[in-house]
Amino acid sequence: MTDQSVDAEPAGQNIAGEAPVEEPEGVTDDTTVHDDDVELERTIGIVGGLAIGIGTMIGAGIFVFPGLAADNAGPAATLSFAIGGLIALLVALPTSELATAMPRSGGGYYFISRGMGTAYGAIVGLGLWLGLMFAAAFYLVGLGHYASAVFTELGVALPFSPVIGIGLLFGAALTALSIGGTENTAKIQNVVVGILLVVLTGFLSYGVLDAVGVFGGGTVPEQFFSRGYFPVLTTAALVFTSYLGFAQVATVAGEIKQPGRNLPLAMVGSVLIVTVFYVVTIFVATSAFGADRLGQFGETAMVEVARDFLGLPGAVAILGAGLLATFSSANASILSASRAVYALSRDALLPRKASEVNLRYGTPHVALLAAGGPILVLVATGQVELLAEVASFLHLIMYGLMCVALIVLRRRDPEWYSPSYRVPGYPVVPAVGALASFGLIAFMQFESIGIGIVVMLVSYLWYRYYAGDVTLKGDI
Amino acid sequence: MTDRPSILVPLRVLEGESVPEGVPELLANAHVVLLGYHVIPEQTAPGQAQMQFEDRATERLEEYETIFEDAGATVERRLVFTHDGQKTIDRTTTEHDCLAVVVPNATGPVEDVLVAVRGAVGIDRLARVVAGLFGETDVSVTLYHVARADETDEDAGTLLAGLEDRLGDLGMDTSTIETRVDRDRDPLDAIVEAADAFDTVVMGESDPSLSTFVFGMPADQVADRFLGPVLVVQRGPASDGVETDGEA
């Protein structure tokens, strides 16, 4: 058992007179230890960690984006996903180091507030909470598309488009379930991810064999960069939403067993696994139909690809998988958002009331409502691409700052900073990670950037107004 | 008092589980590791529950600590917020090197104890618990064994005599110890039935197997059916063999 001290000392008070909760005395493989013999048990293993990462990510990249991405970038969308994966990896490595040095709940927010101070922390923390809401809303709209595709499949003609309604319904149901449900949600998540990986592996293996001509299908002949080079980058910026899951592992860092080993494995592992799945998926999809036709199918393009390969059973399997995947992504995001609210309220950046635990169910009902409520508003807009990009924007800011925080911490080298995993290729990897994260933002639509900047400004003003006196930076 | 056996007393402190009557007296000669734990759903961060409930839980634990100390035990206190109560109990048992875990049920004054002996494995720890807790008291101890079909009466007798000798080595007055052997019965039913006439049961923990996976640990089943407290003697760290890494 390795004992590790966490020596950052938060101070100050917010406008309501609440001070940040004291830091724990130490971290072991199995617990976080507070004074007076109080311990917080670590219960999530490597499988659970991977399931959070993969479960959050795999929903969007495979089941929502292929059609949109192919429409934007042509077959080179494969490259867009590869670029996204590379950037995610460049960020996941530094994040792993930070997480092993500070295995506490709150993830990126915690690292940045301790490494760079409260102002940056507040912008990232509030941004993370809102970013997760945008992401969850995006997954729910995707879920709505899949559910309405089921209606179409059944031959039920509806006089209106049920996409938004279904998204809202599931959003409300998920929030209610996480408040009232005492079922073992993590175990369910593990099973769902397992099923998804099996279905996808089978489907993609068939698709690859078909694309190389084994079943006589072959590839639709098309120029790789059919839309030019620039759209490859803008598409990478768009589809980056499908890589937003790995840092969610860090939001439950305080609950991961053997954090020094499991956190890096879960984060880097989940990025590598989903990147492979994404790239293969796009390759298979564009090979089967060509980018133009794929683009016309929109959000549920994969269903058509499956139908082309395996007929109705294939379409049904992918429909089911799509429902499961978008559902699990939305669920994971709502839970992470609630963890983010807890981390902020622990540090007095949000009212303490926000992380209150419900006496009847033992669940944080205020935090879950604070996540679930706004999500419904966002779902109601139904803007898939915009939701995705704003979510990406807010996460990319956090990713970039995490890389910067790592460099800051390494240079100042405070006594308490002793990560058990060190990023290879320092300082090049975190520096490139930061540049790539910030760089990707430049390729987004102006609207998304605008909304993102407004969110950051509001976050900063909230911090100045509510908690200007709170200092969270670690002893340096 | 160097050979006070360490006994874990797990209590779901915030769900109204308190120290049952008779248990403090039962553990008067023990070193009690008092584990207050609170199981929270996955949606909740353990730290979140801690923020809200730590003071209340600590207050109650302090009360319980006093109760055990007044009865004569030495006490060590732990408060844990967890998603997985069993993991917390197992970990605390290992970390504090506890010989046994109590399934806390109420009892009257303890006058007689049934010690269920399964086999020679782990018999030393069993002896240390029994001798440590009851060696210097008037409690009458009955060693009980359910013989398997391929086991002769002689084998069973040797087993119990061996334990009796060991208890004698540890300073117990062996003349008060009784022995009893049954055979051709389901051990579980036999123990529960025999236990009826006793105030407390001491028994060993079984090795995990398919049937324990399906039906639960025999010790837990006995505890469910026998209404008094059960002391479950833990397998030693050495025989732990396979380190369980949870879901990994």
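In order, the protein sequence lines correspond to chains A and B. Just so you know, the first sequence maps onto residues 1 to 476 in the numbering used here. Just so you know, the second sequence maps onto residues 477 to 724 in the numbering used here. Every residue, glycine too, gets a C-beta built ideally from N, C-alpha and C.
Per DSSP, cross-strand counterpart(s) of residue i
| i | result |
| --- | --- |
| residue 557 (chain B) | A:40, B:514 |
| residue 676 (chain B) | B:589 |
| residue 256 (chain A) | A:44 |
| residue 504 (chain A) | This structure does not reach residue 504 (chain A), given that chain A is present from 1 up to 476, and the question cannot be answered. |
| residue 426 (chain A) | Answer is none; residue 426 (chain A) lacks a bridge partner. |
| residue 26 (chain A) | A:33 |
| residue 654 (chain B) | B:618 |
| residue 552 (chain B) | B:509 |
| residue 249 (chain A) | Answer is none; residue 249 (chain A) lacks a bridge partner. |
| residue 488 (chain B) | B:513 |
| residue 471 (chain A) | A:11 |
Where residue i meets chain B, residues with beta-carbon distance less than 7 Å
| i | result |
| --- | --- |
| residue 339 (chain A) | 521 |
| residue 357 (chain A) | 520, 524, 525, 528 |
| residue 30 (chain A) | 567 |
| residue 178 (chain A) | 519 |
Min CB distance residue i to chain B below 8 Å
| i | result |
| --- | --- |
| residue 37 (chain A) | yes |
| residue 347 (chain A) | no |
| residue 2 (chain A) | At residue 2 (chain A), the pLDDT of 40 sits below 50, so the modelled position is not reliable; the number obtained from the coordinates is stated separately. With 8 Å as the cut-off, residue 2 (chain A) does not count as an interface residue toward chain B. |
| residue 21 (chain A) | yes |
| residue 369 (chain A) | no |
| residue 350 (chain A) | no |
| residue 113 (chain A) | no |
| residue 420 (chain A) | no |
Chain-order list of residues whose beta-carbon lies under 8 Å from that of residue i (same chain, five-residue window excluded)
| i | result |
| --- | --- |
| residue 710 (chain B) | 569, 574, 575, 576, 577, 601, 681 |
| residue 532 (chain B) | 490 |
| residue 457 (chain A) | none |
| residue 364 (chain A) | 338, 341, 342, 355, 356, 357, 358 |
| residue 723 (chain B) | Residue confidence for residue 723 (chain B) is low, a pLDDT of 36 falling below 50, so the modelled location carries little weight; the figure read from the coordinates is stated next. Excluding positions up to five away in sequence, the list is empty. |
CB contact below 8 Å: residue i versus chain A
| i | result |
| --- | --- |
| residue 719 (chain B) | Only weak support is given to the placement of residue 719 (chain B): the predicted model assigns it a pLDDT of 39, under 50, and the value that follows is read from those uncertain coordinates. So no, residue 719 (chain B) is outside the interface. |
| residue 569 (chain B) | no |
| residue 560 (chain B) | yes |
| residue 553 (chain B) | yes |
Contacting residues, own chain, Cβ-Cβ under 6 Å from residue i (five flanking each side not counted)
| i | result |
| --- | --- |
| residue 479 (chain B) | 608 |
| residue 249 (chain A) | 49, 52, 53, 266, 267 |
| residue 356 (chain A) | 366 |
| residue 522 (chain B) | 557 |
| residue 548 (chain B) | 504 |
| residue 11 (chain A) | 471 |
| residue 487 (chain B) | 493, 512 |
| residue 671 (chain B) | 590, 677, 702 |
Residue j beta carbon less than 8 Å from that of residue i
| i | j | result |
| --- | --- | --- |
| residue 13 (chain A) | residue 470 (chain A) | yes |
| residue 133 (chain A) | residue 378 (chain A) | yes |
| residue 387 (chain A) | residue 151 (chain A) | no |
| residue 454 (chain A) | residue 130 (chain A) | no |
| residue 673 (chain B) | residue 646 (chain B) | no |
| residue 409 (chain A) | residue 417 (chain A) | yes |
| residue 44 (chain A) | residue 257 (chain A) | yes |
| residue 146 (chain A) | residue 300 (chain A) | yes |
| residue 80 (chain A) | residue 236 (chain A) | yes |
| residue 515 (chain B) | residue 561 (chain B) | yes |
| residue 55 (chain A) | residue 193 (chain A) | yes |
| residue 68 (chain A) | residue 344 (chain A) | no |
| residue 73 (chain A) | residue 293 (chain A) | no |
| residue 275 (chain A) | residue 62 (chain A) | no |
| residue 334 (chain A) | residue 372 (chain A) | yes |
Contacts of residue i in chain A (Cβ-Cβ under 9 Å)
| i | result |
| --- | --- |
| residue 557 (chain B) | 38, 39, 40, 41 |
Partners in chain B for residue i, counting only beta-carbon separations shorter than 9 Å
| i | result |
| --- | --- |
| residue 105 (chain A) | 521, 522, 523, 524 |
| residue 335 (chain A) | 518, 519 |
Within chain B, the residues that residue i reaches when beta carbons sit closer than 8 Å
| i | result |
| --- | --- |
| residue 254 (chain A) | 521, 522, 523 |
| residue 342 (chain A) | 521, 523, 524 |
Interface partners of residue i on chain A, CB under 7 Å
| i | result |
| --- | --- |
| residue 516 (chain B) | 362 |
| residue 564 (chain B) | 41 |
Residues of its chain near residue i, where Cβ-Cβ distance is below 7 Å and the 5 sequence neighbours each way are ignored
| i | result |
| --- | --- |
| residue 402 (chain A) | 91, 94, 95, 98, 108, 111, 112 |
| residue 21 (chain A) | 346 |
| residue 252 (chain A) | 44, 52, 105, 339 |
| residue 594 (chain B) | 680 |
| residue 155 (chain A) | none |
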